[in-house]
Amino acid sequence: MTRTVNPWSVARALLLWVAALTVTLPLLWVALASVKSPAQLNDPGLVLFVPNLDNWARVFEAGILEAAGRSAMVAAVTVAISVVAGSMGAYAISAYKAGGAATRFGILAAQVLPPAVLVFPFLTMAYALRLDSTYIPVIFAHLSFVLPVITWFLIGFFDAVPRSLEEQARVDGFSRFAAFRLVVLPQVLPGIGAAAIFGFTLSWNDMFYGLILAPTQETILPVAIAAFNTFRGVELGAMSAAIIIAVVPVVIASFFIQRRLVQGISGGAVKF
Amino acid sequence: MAEVRFNKVRKEYGSTVIVDDVDIVFPDGSLTVLVGPSGCGKSTSLRMLAGLEEISGGEILIDGRVVNGLEPKDRDVAMVFQNYALYPHLSVLENIAFPLRATKSRRADALRRAQEVADSLGLGALTSRKPKDLSGGQQQRVAIGRAIIRQPAVFLFDEPLSNLDAKLRVETRFELMQIQRRLGITAVYVTHDQEEAMTMSDRMVVMREGRVAQTGRPDEIYARPNSVFVATFVGSPKMNIVRGAISDGAFISPTGSRLAVAQAPARDAVVLGVRPDDLLLTANSGGTARVALIELLGPRAIVHLDAGEDRLTSVVEADRLSELTVGTSVDLAVRPGALHLFDPQTEHRLPEV
Chain A
488 MTRTVNPWSV ARALLLWVAA LTVTLPLLWV ALASVKSPAQ LNDPGLVLFV PNLDNWARVF
548 EAGILEAAGR SAMVAAVTVA ISVVAGSMGA YAISAYKAGG AATRFGILAA QVLPPAVLVF
608 PFLTMAYALR LDSTYIPVIF AHLSFVLPVI TWFLIGFFDA VPRSLEEQAR VDGFSRFAAF
668 RLVVLPQVLP GIGAAAIFGF TLSWNDMFYG LILAPTQETI LPVAIAAFNT FRGVELGAMS
728 AAIIIAVVPV VIASFFIQRR LVQGISGGAV KF
Chain B
10 MAEVRFNKVR KEYGSTVIVD DVDIVFPDGS LTVLVGPSGC GKSTSLRMLA GLEEISGGEI
70 LIDGRVVNGL EPKDRDVAMV FQNYALYPHL SVLENIAFPL RATKSRRADA LRRAQEVADS
130 LGLGALTSRK PKDLSGGQQQ RVAIGRAIIR QPAVFLFDEP LSNLDAKLRV ETRFELMQIQ
190 RRLGITAVYV THDQEEAMTM SDRMVVMREG RVAQTGRPDE IYARPNSVFV ATFVGSPKMN
250 IVRGAISDGA FISPTGSRLA VAQAPARDAV VLGVRPDDLL LTANSGGTAR VALIELLGPR
310 AIVHLDAGED RLTSVVEADR LSELTVGTSV DLAVRPGALH LFDPQTEHRL PEV
């Protein structure tokens with residue numbers, strides 16, 4: 488008995504392996520590099536060696552955890568504002584067609600602007616308002632891309648909530664806003680959770696705005712990582728350790744929200 | 010408890026008129042059914058009364074108070090939607106108690122009241138379940154429970170039974186009527202199902218194209234429909250409608266029908282309506298109509314007839330089927346006093362003869 492092998496499924500499996508390795512191999516290499524000595528780093532192929540934690544000690548000493556804490560704070564504030572404003576905006580667009588059909592996708596229009604266009608107005612405003620030593624300018628800059636994405640992401644979730652729920656709550660004695668808060672919002676909580684994690688990742692990963700708008704001495708994580716590229720050369724080992732610290736939370740978060748993430752992105756894209 | 014009144018109520022979307030200067034009175038404590046084909050404005054009228062649609066013109070009064078500008082929450086109405094609109098994240102008990110959250114009542118009191126209501130609707134054992142774990146009929150009861158807990162001034166029902174299967178629909182129909190009678194709360198009930206309207210209503214409002222076609226007790230409307238539309242909309246099987254002329258005690262249509270109508274005076278052009286129950290058949294080999302199809306309904310049967318190009322229906326007792334089979338020729342006559350005549354131009358009912 489011969490087993491027939493579908494050439495397409497073989498091709499698909501191959502493609503998936505290539506994609507998976509493309510993503511994981513560099514991460515693996517970074518993880519290895521973070522426990523190598525400077526001499527071992529010169530041999531990228533070296534896999535069997537005695538690991539040491541010098542690089543990790545070095546990044547902790549350089550305050551990487553504090554930078555990560557600041558990044559987390561910036562991301563958390565950005566996401567908190569975005570979720571509150573975004574859920575209300577998304578419901579308005581979904582249920583009341585606020586702004587007409589154009590808003591549904593037009594809301595993402597700002598995404599095509601290169602950050603370089605926005606960063607100097609932000610910087611000028613930050614100086615004028617004496618906010619340049621705070622994280623407020625970074626948070627506002629992050630809101631410029633996190634808020635629209637979260638709003639767009641949530642529209643599809645709100646589309647799935649029957650209008651009659653809000654109407655029922657209004658007849659049952661509640662104001663429009665109370666109906667939204669007590670009845671509509673609870674139906675989309677999973678979507679809001681996914682949107683929050685997604686938005687957190689976007690903010691967490693941003694380097695450009697942080698580099699220019701965050702206080703220079705107490706900067707945020709991506710900028711702190713870049714700081715290991717010193718005038719004496721790149722401290723590859725230390726940088727690798729810092730990168731692992733930055734990447735791991737994102738990987739864990741993505742794992743938990745992957746299903747909702749697909750739902751949000753396709754729901755927002757397919758429904759008109 | 011309250012009387013509800015529509016004074017020249019109007020609803021327009023752009024240039025489309027959905028509800029056209031409608032006047033309706035819903036007497037205190039009555040169950041009034043708004044019935045009509047889809048697009049007749051019945052649901053829009055109900056939603057305007059609930060406050061979910063703005064009113065383009067005219068006034069709606071509840072208990073003498075104009076409610077046009079009021080939010081739904083300030084109108085003291087309760088509503089049951091077609092899809093029940095149960096809150097998916099709340100248990101049965103919390104769903105029923107939900108309207109009390111908007112009032113000042115304490116949570117413990119609200120839940121106790123909700124438990125009483127649930128018990129009275131036979132939901133006592135299900136109170137901790139979520140709506141998705143209930144059958145359609147149970148969901149329907151929860152929606153009713155949520156509507157009655159607050160003792161509103163007016164009940165609004167928007168096709169509440171159309172998602173139930175036929176058997177359950179009939180049972181729930183009577184249950185709803187009993188609840189409404191017991192509480193004595195004015196109820197406005199929207200449906201497209203004329204049978205539901207006939208059986209449930211104290212008063213029936215037949216609507217068509219944004220206007221009221223006829224208002225009255227169901228038996229009045231059935232007995233004296235004021236237009237061809239109402240005549241064919243109300244009653245099942247549908248009333249036979251034929252155009253023709255009456256002379257010498259017989260109605261003759263150019264399309265070939267011939268009916269004996271002893272009591273009617275001569276007329277050149279007329280629309281004749283006769284309910285299937287009132288169309289009498291006599292087997293006669295020389296008859297002008299022929300039995301085309303027989304649908305047996307148990308004790309009675311619907312007989313479809315070919316009369317020239319006209320198709321007529323008659324309802325007969327099943328024991329007569331021995332003399333009536335497909336192909337039998339018959340003479341047609343109208344039961345005395347059961348003739349409906351309409352003006353051929355306006356399609357309005359002609360004055361009684």
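If you read the protein sequences in the order shown, they are chains A and B.
If you want our numbering, it's the position in the first sequence, counting the first as 1, plus 487.
If you want our numbering, it's the position in the second sequence, counting the first as 1, plus 9.
For each residue, glycine too, the CB sits at the ideal point set by N, CA and C.
Everything numeric in this text was worked out from a predicted model, so none of it was measured.
Can you pull the chain A neighbours of residue 107 of chain B, defined as C-beta to C-beta under 7 Å?
Here residue 107 of chain B is taken as the residue at index 98 of the second sequence, counted from 1. Ordered by position in chain A, the residues that pass the 7 Å Cβ test against residue 107 of chain B are 659.
Rounded separation between residue 127 of chain B and residue 64 of chain B - CA only:
For the purposes of this step, residue 127 of chain B is taken as residue 118 along the second sequence, with counting starting at 1. For the purposes of this step, residue 64 of chain B is taken as residue 55 along the second sequence, with counting starting at 1. C-alpha separation (whole angstroms): 35 Å.
Take the Cβ of residue 535 of chain A as the centre, count every other Cβ of all protein chains shown within 10 Å, and call the residue buried at 16 or more, exposed below.
The residue you call residue 535 of chain A lines up with position 48 of the first sequence. So residue 535 of chain A ends up on the exposed side.
Residues near residue 290 of chain B by beta carbon distance below 7 Å, same chain, minus five either side:
Translated into the one-based positions of the second sequence, residue 290 of chain B becomes position 281. Once the five neighbours on either side are set aside, the close Cβ partners of residue 290 of chain B are 312, 323, 325, 333, 339, 341.
Extent of the continuous alpha helix (DSSP H) to which residue 176 of chain B belongs:
Position 167 of the second sequence, counted from the start, is the residue given in the question as residue 176 of chain B. First-last of the alpha helix (DSSP H) with residue 176 of chain B: 175–192.
What distance in whole Å lies between the Cβ atoms of residue 747 of chain A and residue 643 of chain A, which are believed to be in contact at a cut-off of 8 Å?
In the first sequence, the residue the question calls residue 643 of chain A occupies position 156. In the first sequence, the residue the question calls residue 747 of chain A occupies position 260. No, residue 643 of chain A and residue 747 of chain A are not in contact; Cβ-Cβ is about 11 Å, not under 8 Å.
Skipping 5 residues on each side, what residues in its chain have a beta carbon closer than 6 Å to that of residue 292 of chain B?
Here residue 292 of chain B corresponds to residue number 283 of the second sequence, with the count starting at 1. Same-chain partners within the cutoff: 332, 337, 339.
Can you find the residues in the same chain that come closer than 7 Å, C-beta to C-beta, to residue 712 of chain A, ignoring five residues on each side of it along the sequence?
Taking the first sequence and counting its residues from 1, the one referred to as residue 712 of chain A is at position 225. Contacts found: 726, 729, 730, 733.
How would you write the range of the alpha helix (DSSP H) that residue 254 of chain B sits in, first residue to last?
For this step, residue 254 of chain B is matched to residue 245 along the second sequence. Element bounds for residue 254 of chain B: not the alpha helix (DSSP H) but the beta strand (DSSP E), 249–256.
May I ask you to check if the CB of residue 269 of chain B is nearer than 7 Å to at least one heavy atom of the ligand NAP?
Annotation note on the ligand NAP: not contained in the displayed structure, which lists no ligands.
Selection of the region 653–683 of chain A by Cβ proximity to chain B, strictly under 7 Å:
654, 655, 657, 658, 659, 660, 661, 662, 670, 673, 674
Of all Cβ atoms in chain B, is any one closer than 8 Å to the Cβ of residue 651 of chain A?
Indexing the first sequence from 1 puts residue 651 of chain A at position 164. For residue 651 of chain A, the answer is yes, since a Cβ of chain B falls inside 8 Å of its Cβ.
Helix, strand or coil for residue 264 of chain B, going by three-state DSSP, please let me know.
Here residue 264 of chain B refers to the residue found at position 255 of the second sequence. The answer is coil: DSSP assigns residue 264 of chain B none of H, G, I, E or B.
Counting pairs of Cβ atoms below 8 Å between the region 134–142 of chain B and the region 66–82 of chain B, do you hit three or more?
Verdict: no, contact absent.
Using the Cβ count rule (16 or more neighbours within 10 Å means buried), how would you classify residue 357 of chain B?
Stepping through the second sequence from its first residue, residue 357 of chain B is reached at position 348. By the neighbour-count rule (16 or more Cβ atoms within 10 Å), residue 357 of chain B is not buried but exposed.
Within chain A, partners of residue 249 of chain B - CB distance below 9 Å
For the purposes of this step, residue 249 of chain B is identified with residue 240 of the second sequence, where counting begins at 1. Within 9 Å of the CB of residue 249 of chain B, no CB atom of chain A is found; the nearest one sits about 40 Å away.
Just how far apart, CA to CA, sit residue 71 of chain B and residue 194 of chain B?
Numbered from 1 along the second sequence, position 62 holds the residue referred to as residue 71 of chain B. Numbered from 1 along the second sequence, position 185 holds the residue referred to as residue 194 of chain B. Each residue's alpha carbon lies about 12 Å from the other.
Close-in-space but distant-in-sequence residues of the same chain around residue 265 of chain B (CB under 8 Å, 5 per side omitted)
The residue labelled residue 265 of chain B in the question sits at position 256 within the second sequence. Cβ neighbours of residue 265 of chain B beyond the five flanking positions: 297, 316, 317, 318, 319.
Strand pairing of residue 166 of chain B, partner residues [DSSP]
Here residue 166 of chain B refers to the residue found at position 157 when the second sequence is read from its first residue. For residue 166 of chain B, which the question treats as bridged, DSSP gives the partners B:89, B:198.
Are the Cβ atoms of residue 273 of chain B and residue 348 of chain B separated by less than 8 Å?
What you label residue 273 of chain B is simply residue 264 of the second sequence in a count that begins at 1. What you label residue 348 of chain B is simply residue 339 of the second sequence in a count that begins at 1. Yes, the Cβ-Cβ distance between residue 273 of chain B and residue 348 of chain B is below 8 Å.
Restricting to Cα atoms, I'd like to know which of A:542, A:633, A:616 is closest to residue 573 of chain A.
Mapped onto the first sequence, residue 573 of chain A falls at position 86. For residue 573 of chain A, the nearest C-alpha among the options comes from A:633.
Over the uninterrupted beta strand (DSSP E) stretch that includes residue 104 of chain B, give me the two end residues.
Reading the second sequence from its first residue, position 95 is the one you call residue 104 of chain B. Residue 104 of chain B -> not in any beta strand (DSSP E); alpha helix (DSSP H) instead, spanning 101–110.
List the residues that DSSP assigns as beta-bridge partners of residue 41 of chain B.
Along the second sequence, read from residue 1 onward, the residue named residue 41 of chain B stands at position 32. Per DSSP, B:197, B:212.
Cβ-based burial, residue 176 of chain B [other Cβ within 10 Å; buried from 16]
What you label residue 176 of chain B is simply residue 167 of the second sequence in a count that begins at 1. By the 10 Å Cβ count, residue 176 of chain B comes out exposed.
Can you pull out the residues from the region 82–104 of chain B whose beta carbon lies closer than 7 Å to at least one beta carbon of chain A?
82, 86, 87, 88, 90, 92, 94, 96, 97, 98
Residue 551 of chain A versus residue 705 of chain A: straight-line alpha-carbon distance, rounded
As a working mapping, residue 551 of chain A is identified with position 64 in the first sequence. As a working mapping, residue 705 of chain A is identified with position 218 in the first sequence. About 10 Å.
In chain order, what residues of the same chain have a beta carbon less than 6 Å from the beta carbon of residue 585 of chain A, not counting five sequence neighbours either side?
As a working note, residue 585 of chain A is residue 98 in the first sequence. Once the five neighbours on either side are set aside, the close Cβ partners of residue 585 of chain A are 579.
Buried or exposed: residue 581 of chain A, going by 16 or more other Cβ atoms within 10 Å of its Cβ?
Counting from one through the first sequence, the residue named residue 581 of chain A turns up at place 94. Its Cβ being crowded by 16 or more others within 10 Å, residue 581 of chain A is buried.
Relative to the C-alpha of residue 659 of chain A, which residue among B:122, B:88, B:189, B:204 is closest?
Numbered from its first residue, the first sequence carries residue 659 of chain A at position 172. Looking at the Cα atoms, B:88 is the closest of the given residues.
Proximity winner among B:202, B:98, B:240, relative to residue 51 of chain B (alpha-carbon distances)
Here residue 51 of chain B corresponds to residue number 42 of the second sequence, with the count starting at 1. Of the listed residues, the one whose Cα sits closest to residue 51 of chain B is B:202.
Contact set for residue 560 of chain A: own chain, Cβ-Cβ below 8 Å, skip 5 residues either direction
What you label residue 560 of chain A is simply residue 73 of the first sequence in a count that begins at 1. Here the set comprises 622.
Excluding sequence positions up to five away, which residues of its chain have a Cβ less than 7 Å from the Cβ of residue 254 of chain B?
To locate residue 254 of chain B, count along the second sequence from 1; it is residue 245. Excluding sequence neighbours, residue 254 of chain B sits near 261, 276, 277, 278, 279.
Could you give the distance in angstroms between the alpha-carbon of residue 759 of chain A and the alpha-carbon of residue 647 of chain A?
For the purposes of this step, residue 759 of chain A is taken as the residue at position 272 of the first sequence. For the purposes of this step, residue 647 of chain A is taken as the residue at position 160 of the first sequence. Caution applies to residue 759 of chain A, whose pLDDT of 31 falls short of 50 and renders its modelled position unreliable; the value that the coordinates give is listed next. So the two alpha carbons sit approximately 12 Å from each other.
8 Å Cβ cut-off: residues of chain A touching residue 3 of chain B:
Only positions 10 to 362 of chain B appear in the structure, and residue 3 of chain B is not among them; the question remains open.
First and last residue of the alpha helix (DSSP H) that includes residue 493 of chain A?
By 1-based counting over the first sequence, the position of residue 493 of chain A is 6. First-last for residue 493 of chain A: undefined, no H or E at that position.
Suppose you measure from the CA of residue 608 of chain A to the CA of residue 697 of chain A; what does that come to, to the nearest Å?
For the purposes of this step, residue 608 of chain A is taken as residue 121 along the first sequence, with counting starting at 1. For the purposes of this step, residue 697 of chain A is taken as residue 210 along the first sequence, with counting starting at 1. If you take the alpha carbons of residue 608 of chain A and residue 697 of chain A, they lie about 14 Å apart.
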